[in-house]
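Participant: In my numbering, the protein residues as written are 6 to 258.
C-beta atoms are modelled at their ideal positions from N, C-alpha and C, and glycine is treated no differently.
Computed from a predicted model, the values in this text were never measured in an experiment.
Structure provided below as structure tokens; questions to follow.
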Amino acid sequence: MVRMRILIANDDGYLAPGLAALVQAMQGLGHIDVIAPEQNSSGTSNALSLHRPLSLYQGINGFRYVNGTPSDCVHVALTGLLPEPPDLVLSGINNGANMGDDTLYSGTVAAAMEGFLFGIPAIAFSQVEKGWVNVDAAAATARSIVDRVIAGGLLGRPFLLNVNIPNRADAADLPRSVTRLGRRHASEPVVRQQSPRGETLYWIGPAGDAREAGHGTDFHATASGRVSITPLQVDLTDHAALGQWASLMPERP
Ligand code: MN
């Protein structure tokens, strides 16, 4: 029997407790490669470093890391670093939720998405609250979901799942809901400060609260004490609007 290969990345950096917990939880499934960013790269979305070379290092914790973005890590791994493509790409466990519109900014989701774009099944895991409370329970939940995917024979065809796990000691026993993304309100206002040298500085404000958080959304599921599992796609086309725009802008004006 051929051993399964798993590539694990994250966006919080190679020293993040969520990464260590996720790697630990996947032990026994097969060969695991870890390639994570050197720095916390949360909120970097799908950015690739195209204007400078990347270096690969071996961390004292045994994980390899790249001085780049989450997408860099998976991209480099899949385009030359790994001797053969993995069967599964995992990302996380992120320090904080990635729900609704967060998914567009998330480096955690982006790392998984990079695998998906290369045709590999991929799952992004996040804990709903920041601070790593009960991260081992979240990792056990991740393992249980991966086990379910394997048992279901779902590997071999690409999919992209976004999983958000409540910070609870019994996370692995919580009910699970397959959800759609909710929506957030617009972000809080930018925070202005003065630097010691009199310059005005701007901090991006915190994300807005959930706006569309009704039944069936990721926000609703996690707020009800459930693990949220959202299947994602990458096509941003507004298919419903194609006809309207085509009639407004005919090919031959
Ligand atoms: Mn993060």
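Suppose contacts are defined by Cβ-Cβ distances below 8 Å. Is L95 in contact with I13 by that definition?
Facilitator: Against the sequence shown, residue 95 aligns to sequence position 90. Against the sequence shown, residue 13 aligns to sequence position 8. Against a cut-off of 8 Å, the Cβ pair of I13 and L95 comes out as a contact.
Participant: Excluding sequence positions up to five away, which residues of its chain have a Cβ less than 7 Å from the Cβ of L27?
Facilitator: Position 22 of the sequence shown, counted from the start, is the residue given in the question as residue 27. Answer for L27: I13, L95, G97, I98, F130, A144 and A147, listed in chain order.
Participant: Please identify the residue among Q198, D107 and D240 whose C-alpha is closest to the C-alpha of D259.
Facilitator: Because residue 259 is not part of the residues shown, which for the chain are 6 to 258, the question remains open.
Participant: Taking the alpha carbon of L122 as the point to measure from, which residue in E134, T49, F164 and A215 has its own alpha carbon closest?
Facilitator: One-based indexing of the sequence shown puts residue 122 at position 117. For the residues E134, T49, F164 and A215, the minimum Cα distance to L122 belongs to F164.
Participant: Any heavy atom of the ligand MN closer than 7 Å to the CB of T184?
Facilitator: If you number the sequence shown from 1, residue 184 lands on position 179. Checking the Cβ of T184 against the ligand MN gives no.
Participant: Return the CA-CA distance between H225 and L186, expressed in angstroms with no decimal places.
Facilitator: What you label residue 225 is simply residue 220 of the sequence shown in a count that begins at 1. What you label residue 186 is simply residue 181 of the sequence shown in a count that begins at 1. So the alpha carbons of these two residues sit roughly 10 Å apart.
Participant: Would you call R57 buried or exposed, if buried means 16 or more other Cβ atoms sit within 10 Å of its Cβ?
Facilitator: The residue labelled residue 57 in the question sits at position 52 within the sequence shown. The residue in question, R57, is exposed, as its Cβ has fewer than 16 Cβ neighbours within 10 Å.
Participant: Under 5 Å, CB to any heavy atom of the ligand MN. Which residues pass, going along the chain?
Facilitator: The set, ordered by position in the chain, is D16, D17, S47 and N99.
Participant: What's the C-alpha gap between S60 and L87?
Facilitator: The residue given as residue 60 occupies position 55 in the sequence shown. The residue given as residue 87 occupies position 82 in the sequence shown. Between S60 and L87, the C-alpha separation is close to 15 Å.
Participant: Alpha carbon to alpha carbon, what distance is there between H244 and L320?
Facilitator: With the chain covering 6 to 258 only, the question about residue 320 has no answer from this structure.
Participant: I13 bridges to which residues according to DSSP?
Facilitator: Residue mapping note: residue 13 aligns to position 8 of the sequence shown, counting from 1. V39 and L95.
Participant: Taking the continuous beta strand (DSSP E) assigned at P180, which residues delimit it?
Facilitator: Indexing the sequence shown from 1 puts residue 180 at position 175. No beta strand (DSSP E) holds P180; DSSP gives it neither H nor E.
Participant: Which partner residues of F130 appear in the DSSP bridge assignment?
Facilitator: Within the sequence shown, numbered from 1, the residue matching residue 130 stands at position 125. F130 pairs with V168.
Participant: Consider the Cβ of D175: report whether some Cβ of chain B lies at a distance smaller than 8 Å.
Facilitator: Judged by its chain identifiers, the structure shown contains no chain B, having just a single protein chain.
Participant: V140: buried (16+ other C-beta within 10 angstroms of its C-beta) or exposed?
Facilitator: By 1-based counting over the sequence shown, the position of residue 140 is 135. So V140 counts as buried.
Participant: In whole angstroms, what separates the C-alpha of L237 from that of D175?
Facilitator: For the purposes of this step, residue 237 is identified with residue 232 of the sequence shown, where counting begins at 1. For the purposes of this step, residue 175 is identified with residue 170 of the sequence shown, where counting begins at 1. Computed Cα separation, rounded: 26 Å.
Participant: Rounded to whole angstroms, what is the Cα-Cα separation between G203 and S192?
Facilitator: In the sequence shown, residue 203 corresponds to position 198, counting from 1. In the sequence shown, residue 192 corresponds to position 187, counting from 1. The alpha-carbon atoms of G203 and S192 are separated by roughly 26 Å.
Participant: I'd like the list of long-range same chain contacts for H80, defined as Cβ closer than 7 Å, with 5 residues on each side in sequence excluded.
Facilitator: Residue 80 sits at position 75 when you count from the first residue of the sequence shown. For H80, where only same-chain residues beyond five positions count, the Cβ hits under 7 Å are L53 and E119.
Participant: Could you compute how far the alpha carbon of A246 sits from the alpha carbon of G35?
Facilitator: By 1-based counting over the sequence shown, the position of residue 246 is 241. By 1-based counting over the sequence shown, the position of residue 35 is 30. Spanning the two alpha carbons is a distance of roughly 45 Å.
Participant: Can you give the Cα-Cα distance for G101 and S252, rounded to whole angstroms?
Facilitator: To locate residue 101, count along the sequence shown from 1; it is residue 96. To locate residue 252, count along the sequence shown from 1; it is residue 247. G101 and S252: Cα-Cα distance of roughly 43 Å.
Participant: Quick one: is the Cβ of M254 within less than 7 Å of any heavy atom of the ligand ADP?
Facilitator: No copy of the ligand ADP occurs in the structure displayed; its ligands are the ligand MN alone.
Participant: Using a 10 Å radius around the Cβ and a threshold of 16 neighbouring Cβ atoms, would you call Q132 buried or exposed?
Facilitator: Counting from 1 along the sequence shown, the entry for residue 132 is found at position 127. It is buried - the Cβ of Q132 has at least 16 other Cβ atoms within 10 Å.
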